[in-house]
Amino acid sequence: MPRAGAPGGTLAAVSFRPGPTLGVQTSPTGGQVEYALAKKAIVRDFKKGRLSRLDVCDAHPELLRAATNLGRTTGERCPICEDVDLVDLTFVFGSKLPSGGRVVGSPAELNRYWRRKDPVVCYVVEVCCGCRWHHLTRSYPAGAGVEAVARKSLRDRTGR
Ligand SMILES: [Zn+2]
0 MPRAGAPGGT
10 LAAVSFRPGP
20 TLGVQTSPTG
30 GQVEYALAKK
40 AIVRDFKKGR
50 LSRLDVCDAH
60 PELLRAATNL
70 GRTTGERCPI
80 CEDVDLVDLT
90 FVFGSKLPSG
100 GRVVGSPAEL
110 NRYWRRKDPV
120 VCYVVEVCCG
130 CRWHHLTRSY
140 PAGAGVEAVA
150 RKSLRDRTGR
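Just so we're aligned: 106 in numbering that gives the first Met the number 0 is position 107 of the sequence shown, and the numbers increase by one with no gaps anywhere.
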């Protein structure tokens, strides 16, 4: 359960950082970037034995805790252990937010970011609480300047 009085928490210890990742800019979804290709490459290398579980299943304990408490089930099986369903965690970055990002605790909280006057960038990370696999799946801008149509298409796409 989320801690009372601190929806989402700040999770300073997670310090998720996007970093340089092989993303594919998709359009016209308002700047959404998909990271499916990078994920496929990692999963393929794992299946071929080029990467071990130690290489790919290294989620920080704080990230796992956030995923357990705040993650939203995806209905998708973990590609590594094939034993546990993945959950999605959304981090937001922007002005007046912690430098390590902030975990979104609920759909209502995510809506507040969409309505913000200041722009934010959302990063969605999928996490397996079983084997500690985690992967950045997509990023997209929200808040100021993002068209409502982009938001709608994003919703349709994710089915939520
Ligand atoms: Zn797993």
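For every residue, glycine included, the Cβ atom is placed at its ideal position computed from N, Cα and C.
Taking 6 Å as the cut-off, the C-beta of residue 130 counts as close to a heavy atom of ligand 1. Proximity of the beta carbon of residue 55 to ligand 1 is not indicated: no heavy atom of the ligand is located closer than 6 Å. Note on the region 28-95: whole alpha helix (DSSP H) runs with a minimum of 4 residues are 35-46, 52-55 and 60-69, in chain order. Of the residues 131, 40, 65 and 51, the one whose Cα lies closest to the Cα of residue 82 is 131.
Between residue 89 and residue 123, the CB-CB gap stays under 7 Å.
CA-CA distance, residue 36 to residue 127, rounds to 19 Å. For residue 137, the three-state secondary structure derived from DSSP is strand.
Relative to the non-hydrogen atoms of ligand 1, the Cβ of residue 83 comes within a distance shorter than 6 Å of at least one.
Here the region 41-48 makes no contact with the region 100-116; the two share fewer than three CB pairs at distances below 8 Å. Going by beta carbons, residue 58 and residue 133 fall inside the 7 Å limit. In this structure, DSSP gives residue 114 a helical state, which the three-state scheme calls helix. In this structure, residue 104 places its C-beta atom within 7 Å of the C-beta atom of residue 69.
Around residue 80, the same chain offers 129 and 130 as residues with beta carbons nearer than 6 Å, after the five sequence neighbours per side are excluded. Rounded to the nearest whole angstrom, the C-alpha separation of residue 125 and residue 111 is 22 Å.
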